[in-house]
Every structure is written in C-alpha cells, then in structure tokens.
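There are 2 protein chains.
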Amino acid sequence: MYLSLDGRGPRYAQLIRALKEAILDGRIAAGTRLPASRALANELDLSRNTVLIAYDQLRAEGFIEAHVGSGTWVAALTLSPKPKAPRLAVPPQSRYARRVRRTHERRLGRLHRGLRYDLQYGEPLTNPTIMKSWRRELTRAASDVHIDYPDPRGLPALRDAICGYLARRRGILAQRKDVLIVSGAQQAFSLTARVLVNEGETVVLEEPGYFGLRQLMQAHGAQTVPVRTDSEGLTCTSLPTRGVRLICVTPSHQFPSGAVLSARRRLDLLRYAGRRRCWILEDDYDGEFRFDARPLAPLRALDQCDCVIYVGTFSKMLFPSMRLGYMVLPEALREDFLAAKWLSDMGTSAIEQAALANFMSGGGFERHLRQATRTLKARRRALLGGLRRHAGERVETVDSPAGMHVVVWLRGYSRAAAAALIERARRYELGLYSIAPHYAKPPSRQGLLLGYAGLPASDLEEAMQLFGRCLDEQRLTPPS
Amino acid sequence: MYLSLDGRGPRYAQLIRALKEAILDGRIAAGTRLPASRALANELDLSRNTVLIAYDQLRAEGFIEAHVGSGTWVAALTLSPKPKAPRLAVPPQSRYARRVRRTHERRLGRLHRGLRYDLQYGEPLTNPTIMKSWRRELTRAASDVHIDYPDPRGLPALRDAICGYLARRRGILAQRKDVLIVSGAQQAFSLTARVLVNEGETVVLEEPGYFGLRQLMQAHGAQTVPVRTDSEGLTCTSLPTRGVRLICVTPSHQFPSGAVLSARRRLDLLRYAGRRRCWILEDDYDGEFRFDARPLAPLRALDQCDCVIYVGTFSKMLFPSMRLGYMVLPEALREDFLAAKWLSDMGTSAIEQAALANFMSGGGFERHLRQATRTLKARRRALLGGLRRHAGERVETVDSPAGMHVVVWLRGYSRAAAAALIERARRYELGLYSIAPHYAKPPSRQGLLLGYAGLPASDLEEAMQLFGRCLDEQRLTPPS
C-alpha cells in the first residue's frame with residue numbers, strides 16, 4: 006500500500022489524511038479490502054493502535070466499512086476522477102517512429118470478430134486432443150519451473166529436440182549451437198533486420214508476401230524491393246543485379262500465393278546469394294502441413310556457402326498464443342544474433358520452452374503434426390469442393406499442396422465490388438479477407454485469402470454455400 | 006519424416022535408398038523409432054507393401070532392427086559425420102552488429118556456477134510457498150490457455166491488475182490503455198531506444214548504472230553520456246545543458262549504488278525534462294522491496310508534463326525465468342510503442358500473463374511481496390551483521406533501505422588485488438562480483454556488489470565468515 010505521511014501532527018492524523026487522499030483520488034478503489042491493522046502497522050512502521058484509531062475515524066466518516074470476520078473495505082463513494090494532464094501531442098521522436106507511423110496502417114486488430122464462419126488466415130487448428138496433451142505438458146513444466154534467467158539461446162533440451170525434428174522431417178542437419186530460440190517468427194525477422202541491414206540498404210521481398218515482414222523492414226528503414234512470384238515461386242530472373250543485402254523467401258509454400266519454389270529456382274537463388282554475398286532468410290512458416298508426398302529440400306539443406314538463415318515457428322503448428330519460434334543460423338552470424346537476442350529481451354520465457362521440449366522428445370508433437378495434416382487435408386477438400394459447387398466459374402482457385410489457406414481470385418471484380426462482397430458476407434456472418442494487404446502495390450485483380458484451419462469441414466461447406474449466395478447477390482447489384 | 010525419393014527405379018528401391026541415406030548421414034539417429042509402415046506409407050503416398058519391402062531389406066542389411074510388439078528402430082551403426090561446410094568468417098554486416106561486437110564483451114554467462122555461496126546479484130528469492138502458489142496459478146492458466154494471437158498490448162486482465170497494484174502501492178494512477186506488457190524490462194529499454202532515439206543522439210545514463218542498459222544503448226548507436234550519482238542519486242547539476250533526448254534513471258533504488266533519488270532532485274529532474282522537452286525512463290526494478298516506511302513518490306506519479314516512461318518488472322519480484330514486465334506510457338507515445346512491440350514479436354506469450362493476472366487479482370502477489378520483504382530484510386541484516394563482524398573496517402558498506410544487494414568498497418585495494426580476492430573466494434566456494442562492470446569508466450576504487458536474495462540468513466553469515474578469511478589471507482599476500 007503506497008501511502009505518503011506528511012509528517013504534520015500526530016501519526017494517526019497523518020494516516021487518516023493519507024488514506025482519505027488515496028480513496029478520494031481513486032488510488033484505492035471502492036470495494037478494495039484494506040490490509041489488516043497489524044499488517045499495515047508493520048508496513049508503515051506505526052504502532053497497531055495508530056492504525057486502529059485511523060480505521061475507526063474513517064469508518065465513522067463513512068470512507069470505509071468494517072464487517073465482523075471479513076475485514077475492512079473501502080466504501081462506495083461517488084468520486085469525481087482527478088483531472089488528467091493535458092495531452093501532449095508530439096511528432097515522431099525517431100526516424101523509426103516516423104516510419105512506423107507511416108507504414109503501420111493500424112493492422113493490429115482483426116477485421117472481423119465473432120462471426121459464425123470466420124475464414125481468417127492464421128486461425129489455429131482447434132483440436133481437443135492436442136489441447137489436452139499441451140495442457141498436460143504445461144502442467145508438468147509448471148511443476149518443474151526453472152526460476153533462474155533462461156539461457157538466452159533457448160533451453161538446451163528444446164534446441165536438441167528441434168535438431169532431431171529438423172533432421173527427420175526437413176532434411177536439415179543442425180547442431181544445438183546453430184539453433185536460437187526466439188519469441189515467434191516475427192522476432193526472428195526483427196533480429197535479422199538489426200544484425201544484417203542498415204538504414205537504406207536493399208532487402209528483397211516476395212510480391213505478394215507477408216505484410217508483417219514488409220512493415221517490419223520498412224520500419225527498420227530498409228529499402229524494400231518487391232520481386233514478383235509466379236507458379237514456381239520467386240522469379241529469380243527479376244532480382245536486382247546488385248546491392249542486395251538480404252532476400253526473404255517462403256520456399257516451401259509461398260505466402261500467400263501458395264506456390265512451391267521449384268528445384269531449379271532454389272539452386273538459382275542459392276547461386277545468386279553465393280555470388281553476390283548476400284543473405285537468404287528462409288521462412289518455413291507452415292512447410293510441415295503438406296498434402297503430397299514430395300517436399301522439396303529446404304534452402305538451408307541445400308546451402309553450400311552457409312548463407313541461409315532458416316526460420317521456423319510453432320504458432321502455425323500449435324497455437325499462435327504460444328510465441329515460440331527458432332532460427333538455424335550460419336556459423337558466422339551466430340554470436341551476433343545471440344547478442345542481439347540478449348539485448349532485446351535477455352531470452353525467451355522458459356516454461357513453454359520446457360513444455361515443448363517434452364512434447365517434442367516424447368513424440369507427441371510429430372503425432373500431432375500427422376493428425377493435423379490429415380485434418381487440414383479434409384478441411385481443404387471440403388473448402389475446395391464447396392467452392393466448386395457454389396462459386397463455380399465465378400472464381401479462380403489457386404491450387405497448392407500445403408498449408409492452411411487457399412487463394413481465390415474474383416473474376417471481373419473491381420476493388421469496390423470486392424469490398425462490397427466482403428461487407429455483404431459479413432452480414433451473413435461470413436468473414437472473408439482480401440489478399441490486397443499482402444501486396445506492396447495494389448494487385449491488378451481482386452482476390453481473397455481464405456483460411457480453413459479454424460472450422461470443421463461441415464462449417465466450411467456451409468460457409469461456401471453462403472459465399473455462393475453472396476456472389477449471386479453481388480452480381481445483381483449495380484456497381485456503386 | 007523428411008525423405009526425398011529420387012524417382013529412379015521401383016518405389017521400394019527409392020525408399021530404401023532414401024532411408025539408407027538419411028541413416029548414414031545422421032538425419033535419422035541411431036535408436037530412433039521409425040514410423041509404423043502404415044503411417045509412413047500414408048505420409049509418402051506409397052502402398053503399405055512398398056514400405057514393408059523396404060523395411061525388410063533394411064533389416065536384412067542391419068540398418069534397422071525390429072522387435073515384435075515394439076516397432077522398428079534404427080540400429081546403432083558407426084557413422085562418420087558428414088563434413089561441414091567451411092566456416093565463413095564475415096565482418097559485421099550492419100553498424101548495429103559492429104557496435105554489438107565492440108560493446109557486448111561476452112557477458113552472457115555467469116561468472117561463477119555451482120558455488121556453495123554464490124552472491125550473484127539477480128538471484129531470485131527462493132521460497133517454497135511462492136513456488137507452490139505460482140505453480141498452482143500456472144496450472145490453472147494452462148487449463149484455460151488462450152490459443153489465438155495474444156493482444157499485443159498484453160492481456161486486459163493483467164493490465165487492470167497492474168493498474169490496481171500501481172495505484173495502491175506506488176501511488177501511480179494509470180488506466181489499462183496506458184499499460185504495455187513487455188517480455189521483461191530489457192525489452193522495455195529496447196523499445197524505448199527504437200521509438201525515441203536515432204543513431205548519434207544523446208542518452209543520459211547513471212554512472213554507475215546497469216550494464217545491460219548501457220550495452221543496449223551503445224548497440225543502438227546512441228551517444229551515451231554517463232552522469233555521476235552520489236548519495237542522493239543522479240546529480241542533476243551535472244546534466245548536459247542541451248541536446249539530451251532521454252534520461253534513464255532508477256530513482257527508488259539507484260542501481261547499483263543503492264541511493265534513493267531525493268525529493269528535491271526528483272523535482273529538478275522533472276523540471277529539466279519539461280523545459281528541454283526530453284524523456285525520462287524510470288526503471289523501478291526493485292522499488293517494491295523497501296525496508297523503511299517512507300517510499301518517495303515515483304517520478305511517474307509526480308510528472309506534470311507526461312514525459313516519464315515508467316518500467317516495472319516481475320523478474321525481481323518473482324522469478325527471472327518469467328520474462329514479464331510492463332511500461333506505463335505517456336499518452337503521446339502509446340501508439341508508437343504498441344506498433345514497435347507488435348513489429349518486434351507480435352505480443353508476449355499469454356500463459357504467464359494469465360497466471361500472473363490471477364495471482365495479482367487474488368491478492369497472492371501482494372501477500373508474497375510483504376512476505377518477501379520481511380525475508381529480504383532478515384537476509385540483509387544477516388549479511389550486514391556478518392560484514393561488520395568478519396570484514397570490519399577493511400570494507401566500507403553503503404547503506405540502503407531497499408533492494409536485494411549491498412555495495413561494499415574494498416579499502417586500499419588495487420584492481421589486481423580485487424581480482425585476486427574474487428579468485429581466492431571462488432576457491433572457497435564463495436561467489437563474489439566486482440562492481441566495475443557497471444561503470445562506463447573504471448571506478449577509482451574497487452568494490453563488490455553482493456546479492457543476498459538467493460541465500461538463507463545462516464548461509465549469508467557463513468559466507469561473510471569466508472569473506473573475512475579471504476580478506477585476511479589477501480592481506481598476507483604480497484601484491485603481484
């Protein structure tokens with residue numbers, strides 16, 4: 006209890022004044038239970054009698070209420086709040102802040118909330134079994150919680166589990182010391198920008214690409230160069246001929262287009278980076294959820310000159326609320342990234358790391374992945390089937406053998422018509438999302454990014470029925 | 006399981022080659038259990054028969070072992086690891102990385118490990134009761150874990166609990182929207198640097214002061230100006246007359262000297278910041294652990310022009326492994342900090358936030374604080390008593406009414422003698438720590454920073470006995 010006695014007059018009077026003031030200006034809210042007289046006396050180094058006198062007086066004046074056996078409470082007085090200090094409007098205080106204000110575009114919230122059918126991309130796959138297993142691991146980790154500062158590199162057990170996982174499932178050979186645990190992929194991007202890129206230097210981004218990465222690089226002050234992607238992923242022939250510091254790619258499942266970077270392009274890209282001595286950031290955000298049998302080797306596994314920074318995340322594979330990801334780092338950059346991580350937050354919190362390490366080494370994680378892949382495959386089938394039946398030729402669906410979303414292009418739609426369609430769908434409790442935010446320049450045609458992980462197959466079928474109805478109605482509406 | 010089939014010859018032969026290769030180059034380690042044939046067939050889109058043939062062949066060749074009822078395992082072969090790509094030594098890739106390499110001085114590890122009496126500052130107060138309560142809260146939070154992306158500002162329930170706590174105990178009136186949850190105080194510093202300071206701009210730091218903050222500001226590229234502290238804290242008259250962007254202070258308990266910033270200096274500092282339009286970072290890292298009755302109002306509570314950024318942390322009050330802290334932000338900076346936090350890591354992981362919110366709103370947290378303060382007071386008394394008895398006049402102890410550490414100056418010691426003393430103590434299983442790392446310029450006298458939170462009073466008494474013995478022996482050693 007923060008109370009400042011003013012030193013004037015007897016102690017009990019000082020305490021009364023201090024308590025009144027605290028109650029009147031709202032620091033101690035109505036309904037708050039006051040400490041027992043002995044505890045408060047102890048804390049303020051007063052005699053208990055002094056506190057009892059003060060409590061008595063305040064009760065007499067109606068500031069507090071005492072009930073036998075349940076302690077002393079602050080009464081519900083009608084208080085006027087203290088006037089606030091006038092708002093101090095300030096310009097951005099750093100170049101970073103100026104860029105943030107320019108690029109951040111208020112994308113923190115979700116477009117829709119509480120809709121019956123929300124096709125938000127990034128919704129996790131809800132699955133009662135995995136929730137149960139995960140709770141069990143967390144509870145186990147809680148009973149064995151480390152209390153000291155965590156290793157800024159991440160828990161050794163988790164880094165080992167990740168190495169085993171990467172070797173078995175992604176064909177990447179890494180050792181514990183190559184792995185840095187981070188608080189989600191976004192932190193990996195942020196550290197990469199700091200360690201590798203100066204203000205004004207060139208970073209290649211896929212077009213379209215993940216907006217969170219673009220905003221981060223622009224806020225960092227990088228010169229971002231969007232490079233076109235097609236059905237084979239990043240078009241390597243469109244890369245700038247010089248001056249590139251970093252290339253950010255999603256080879257196993259281009260976000261958001263869904264393309265897989267072809268084997269030829271993988272080698273082209275590595276050759277480009279090797280010759281021009283630039284770095285590659287390989288974001289393998291959902292490469293694990295593949296529905297065909299032939300995953301291509303990640304760039305990191307093909308890398309001969311140690312220029313690929315591989316980033317993996319557990320947000321997509323488990324839950325977004327768990328902010329955990331990892332980087333596999335080139336040897337030459339390891340210490341710089343570790344220092345940057347330490348300076349950023351001294352290391353990621355330990356408990357979820359411990360739970361995940363157990364979950365991975367016990368085999369539960371890979372069992373979950375297999376099961377989740379089956380579920381996603383079924384949901385994808387339901388979505389695509391529904392699209393065929395209810396949207397038919399009015400949309401063009403991009404096929405993709407992986408992931409948790411589908412891209413749908415709206416044939417003959419203007420920007421205004423697409424916005425109207427999304428608004429119409431919202432009134433039917435159907436949450437649709439434009440692909441436009443993931444483009445640096447507005448795309449020439451209108452498209453939607455439909456996430457299907459969060460809804461069961463039957464809901465997806467119903468959602469597509471609603472989608473078809475919205476398309477029907479939209480056709481009957483004259484353009485505004 | 007990541008396996009790349011080469012497409013040559015029959016499927017089973019491709020699978021055999023792929024599995025052999027994976028076993029030989031260590032991607033699948035000896036002792037790994039292989040998936041059941043049906044599961045692998047499913048995953049690779051092969052017939053189950055193909056997998057059975059491949060498994061049979063590999064067993065015949067001794068690559069794998071099968072035991073009835075317990076599955077198929079990779080045999081223990083003697084493998085030579087694949088040769089590694091040659092190390093690519095690179096110069097720092099950004100100005101940030103160059104500064105990091107210059108300033109980071111490899112301070113990631115602890116100086117001592119596993120000593121019987123380790124007086125490491127920052128060791129948490131181990132307390133079985135609090136561990137038990139905290140585990141209970143974590144388990145509760147685990148059973149109700151949020152799965153969606155967390156609010157980047159932090160969980161509303163936690164921000165509300167912090168507001169109540171700040172009002173009651175620190176005299177700070179804040180609303181939910183003023184509070185930003187961060188992953189520890191270090192992240193608060195890092196965000197502050199980014200939002201407020203450009204490369205080359207001036208940041209005032211206390212001398213001595215926390216080295217993690219100094220390193221961060223230097224890595225960020227700030228021009229750091231150390232300003233002397235004395236027994237009343239930061240000497241405001243030594244502040245630069247102009248060009249200051251940010252002043253970082255620890256008013257309630259100067260780190261590491263232990264001084265409390267006097268009321269007069271608090272007002273001077275606020276006046277300075279108001280007139281020169283610079284910002285104040287108030288780091289209240291352990292202000293809660295006070296052993297006298299008169300905490301002074303934090304700067305944030307006295308701030309009339311909304312220029313104070315208040316930073317609190319739970320690492321000291323609970324456990325360092327829990328990377329949770331918070332900022333109370335001036336209204337004008339709120340959105341910029343929120344954007345910077347989102348771009349850094351999209352928000353802090355939810356589970357510990359949920360556990361802490363419950364712990365705080367249920368009253369357990371403040372009960373813990375009261376109890377911890379009593380415990381720390383007793384440990385401090387034991388340490389000071391031991392120092393008086395066993396070190397006597399050979400050291401000068403700085404008194405301080407708060408915290409978890411004590412500063413001790415070694416009378417007549419050279420730098421080399423102080424280092425020898427620390428080394429000697431280590432051989433007696435006593436971990437001592439120099440104060441020097443917390444100085445920007447080497448201090449004119451030698452001192453130690455003794456943390457007492459991690460050891461019970463009886464151990465501290467014994468530790469001081471050992472300390473006295475080391476001082477005795479050191480006196481008998483001729484200077485090297």
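Residue numbers (this note's numbering), protein chains in the order written: chain A, 6 to 485; chain B, 6 to 485. By construction, the Cβ of each residue, glycine as well, lies at the ideal position given by its N, Cα and C atoms. These numbers come from a predicted model, not from an experiment.
Boundaries of the beta strand (DSSP E) harbouring residue 253 of chain B: 249 to 254, taken from the DSSP string. Two segments are said to touch when three or more pairs of C-beta atoms, one from each, lie closer than 8 Å; by this definition the stretch 356 to 364 of chain A does not touch the stretch 383 to 391 of chain B.
CA-to-CA, the gap between residue 77 of chain B and residue 139 of chain A works out to about 27 Å. Three or more Cβ pairs closer than 8 Å define a contact, and the stretch 17 to 26 of chain B falls short of that threshold against the stretch 423 to 432 of chain A.
Within the model, the alpha-carbon separation for residue 438 of chain A versus residue 125 of chain A is close to 7 Å. Straight through space, the alpha carbons of residue 471 of chain A and residue 435 of chain A are spaced by roughly 7 Å.
Here residue 194 of chain B is actually not in contact with residue 442 of chain B; their C-beta atoms are around 17 Å apart, not less than 8 Å. Interface residue (Cβ-Cβ distance to chain A less than 8 Å): residue 19 of chain B is not classified as such. With fewer than three CB-CB distances shorter than 8 Å, the stretch 155 to 165 of chain B does not count as touching the stretch 311 to 324 of chain A. Residue 50 of chain A sits in coil when the DSSP states are folded into three classes, being neither helix nor strand. Between residue 225 of chain B and residue 405 of chain B the beta-carbon gap is near 30 Å, outside 8 Å, which marks them as no contact.
Here residue 482 of chain B carries a coil assignment [DSSP, helix/strand/coil].
Close CB contacts of residue 248 of chain A within its chain, under the 7 Å cut and outside five residues either way in sequence, are with 207 (chain order). Under the 8 Å Cβ criterion, the stretch 62 to 81 of chain A does not count as touching the stretch 175 to 195 of chain B, having fewer than three qualifying pairs.
The beta-carbon of residue 154 of chain B is placed less than 8 Å from the nearest beta-carbon of chain A.
Out of A/174, A/455, A/394, A/228, the CA that lies nearest to the CA of residue 204 of chain A is found in A/228.
Contact with chain A is absent for residue 54 of chain B, since none of that chain's Cβ atoms lies less than 8 Å from the residue's Cβ.
Beta bridge pairing from DSSP links residue 238 of chain B with B/235. DSSP places residue 464 of chain B in the helix class (H, G or I) of the three-state scheme. With fewer than 16 other Cβ atoms inside 10 Å of its own Cβ, residue 309 of chain B counts as exposed. Taken in chain order, the unbroken stretches of alpha helix (DSSP H) that lie wholly in the stretch 352 to 380 of chain B and span 4 residues or more are 355 to 366.
Within the stretch 267 to 344 of chain A, the complete beta strand (DSSP E) runs of at least 3 residues fall at 284 to 288, 313 to 318, 330 to 333.
Residue 105 of chain B: member of the alpha helix (DSSP H) spanning 100 to 108, first to last residue. Under the Cβ distance rule, residue 350 of chain A counts among the residues neighbouring chain B, one pair being separated by less than 8 Å. Checking the DSSP bridge columns, you'll see residue 410 of chain B partnered with B/456. Counting C-beta pairs closer than 8 Å gives three or more between the stretch 360 to 376 of chain B and the stretch 142 to 154 of chain B, which meets the contact rule. Residue 60 of chain A sits in a helix when the DSSP states are folded into three classes.
In this structure residue 172 of chain A touches residue 32 of chain B by the C-beta definition: roughly 4 Å separates them, less than 8 Å.
When DSSP reads this structure, residue 401 of chain A sits in a beta bridge with A/414.
Under the three-state reduction of DSSP, residue 433 of chain A is assigned to coil, being neither helix nor strand. Interface with chain B (8 Å Cβ-Cβ cutoff): residue 129 of chain A is included. A distance below 8 Å separates the beta carbons of residue 316 of chain A and residue 332 of chain A. Remark: C-beta atoms of residue 445 of chain B and residue 212 of chain B approach each other more closely than 8 Å.
In the DSSP assignment, residue 26 of chain B falls within the alpha helix (DSSP H) that extends over 16 to 29. Along the stretch 428 to 454 of chain B, none of the residues has a CB nearer than 9 Å to a CB of chain A. In this structure, the alpha-carbon of residue 151 of chain A lies about 41 Å from that of residue 462 of chain A.
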